[in-house]
Structures are given as structure tokens and as C-alpha cells.
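In what follows, a structure is listed as C-alpha cells, so that the remarks can point back to it.
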């Protein structure tokens, strides 16, 4: 569809400041702040569409990495808070991870983590549908909440040195649960 061609600009600024301190007994502390600014301008003149949006996200995080059992295990606990321009409250995202390497040649790891995606109108689905000839305008529901994810991973790594070669075998699995998944629904004009 010749009307589907347009122009999109999307400059992104991202900055992070971190502080890392090792040596408080068996703890390693990591703390920091981050800022992201995302400006999107998408013009599709053939369909009369002009989307211009700016999103900002300010985040702060704290993480403690704890060595346990004479360095045979590592427990990592972390917490992140984000204030996104599209969400009225602060989003808190905890995480925890355990790494165990107390069995010769074997490492066991598991992680629980959370995250979010803020509501926004711009999406690659817009471009895909336009090129296919289906004009689509997306309107964001004012009551739309952030999409949240909850993930669990588990893995085993086995490595053995034979002469001058390292042989390694890994197996892992994960489960991810999403709440408030963003969907496109057709509405009346």
C-alpha cells in the first residue's frame, strides 16, 4: 500500500549511575539510579496519522549479593522502583537469585524476577498492518494499567576439563506469567 509509507523518529536517551561496594564481610552491595527519555514521532500522511509522544522513566535500585557456605552458594536479593510518566504510582520490582556450586563440576541456579511494561500507543503492529493495507489507528484506553511479568528460571550447568578441553552441558527452563497483557481490540468508530 503506497499510503503506508511514512517517517518515524525515535531518539532515546538512557543514563545510569551505579555504586558498587565489595568487602562488607560476605556482602557485595550495588546501588544506582537510572533515567530514560523516549521521544516517538510517527507520521503516516497517507492515512492522516501523526503520533507524537514522550515517555520518561526514573528508576532506583539496590542489590545485595551474599556469599554463603564458604563461597559455595551466592544469594542475590534486589529491589527496583520506577516512576514512569504513564503510570501514576511507583512500580516496585523485586528479584532474588540463588547460585549453588558446592558439587564438583556442577552449578545449580534459580531466579525469581518481576518487571513491567508501561502503556503506550506506538507499536510495530501499527507498521505491519499498514503495509498489509489495513489502516489501523490505535487509541489508548485511559484506564490501561501497566503490563506486569513474573518469571522463574532454573538451570543446571555441568563442566569438566579433559586434557586441554572444557566440555560443558547446560539445561534450563523458565516460566513467565503476564498480568494486564496489552491487547488490540476493535472498537466502534
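In our numbering, the protein residues as written are 5 to 193. Note that beta-carbon positions come from the ideal geometry of N, C-alpha and C, so glycine has one too.
Requested in this report: Decide if the segment 52-72 is in contact with the segment 22-38; the criterion is three or more beta carbon pairs, one per stretch, under 8 Å apart.
Outcome: yes
Query raised in the report: In chain order, what residues of the same chain have a beta carbon less than 6 Å from the beta carbon of residue 43, not counting five sequence neighbours either side?
Result: 15, 58
Query - Counted within 10 angstroms of its Cβ, other Cβ atoms place residue 173 as buried (16 or more) or exposed - result: Taking a 10 Å sphere around the C-beta of residue 173, we find fewer than 16 other C-beta atoms and assign the residue as exposed.
Report task. Please go through the same chain and pick out, in chain order, the residues whose beta-carbon is closer than 7 Å to the beta-carbon of residue 125, but skip the five residues on each side of it. Result -> 55, 57, 142, 144
**Report entry** DSSP-derived helix/strand/coil call for residue 51
**Finding:** helix
Query - 6 Å Cβ shell around residue 80 - same chain, five flanking residues per side excluded - result: 69, 101
Report task. Can you grab the Cα-Cα spacing for the pair residue 186 / residue 74, in whole Å? Result -> 46 Å
Query raised in the report: What residues in its chain sit with their C-beta under 7 Å from that of residue 71, if we drop five residues either side in the sequence?
Result: 30, 78
Report task. For the beta strand (DSSP E) holding residue 171, just list the boundary residues, first then last. Result -> Note, residue 171: beta strand (DSSP E), 169-183.
Query raised in the report: From what residue to what residue does the beta strand (DSSP E) around residue 165 run?
Result: 151-166
Requested in this report: Could you tell me whether any non-hydrogen atom of the ligand NAP is closer than 7 Å to the CB of residue 191?
Outcome: Of ligands this structure carries none, so the ligand NAP is not represented either.
Query raised in the report: Is it the case that the Cβ atoms of residue 163 and residue 170 are separated by a distance below 8 Å?
Result: yes
Query raised in the report: Whose C-beta lies closer than 6 Å to the C-beta of residue 85 among residues of the same chain, with five residues either side of it excluded?
Result: If we look at residue 85 and ignore the five residues flanking it on each side, its Cβ neighbours are 64, 94, 96.
Query raised in the report: Within this structure, are the beta carbons of residue 118 and residue 99 separated by less than 8 Å?
Result: yes
**Report entry** Boundaries (first-last residue) of the beta strand (DSSP E) holding residue 22
**Finding:** 16-28
Query raised in the report: Between the beta-carbon of residue 202 and the beta-carbon of residue 184, is there less than 8 Å?
Result: Lying before the first or after the last residue shown, residue 202 is absent from the chain, which here runs from 5 to 193.
Query raised in the report: Taking C-beta to C-beta, are residue 10 and residue 46 nearer than 8 Å?
Result: The answer is yes: Cβ separation under 8 Å.
Query raised in the report: On the three-state DSSP scale, how would you describe residue 6?
Result: DSSP, reduced to helix, strand and coil, places residue 6 within a helical segment of the structure shown.
Query raised in the report: Looking at the unbroken beta strand (DSSP E) that takes in residue 141, where does it start and where does it end?
Result: Here residue 141 belongs to no beta strand (DSSP E), and DSSP marks it neither H nor E.
Report task. Look at the Cβ atom of residue 116, then the Cβ atom of residue 151, and state whether they are nearer than 8 Å. Result -> no
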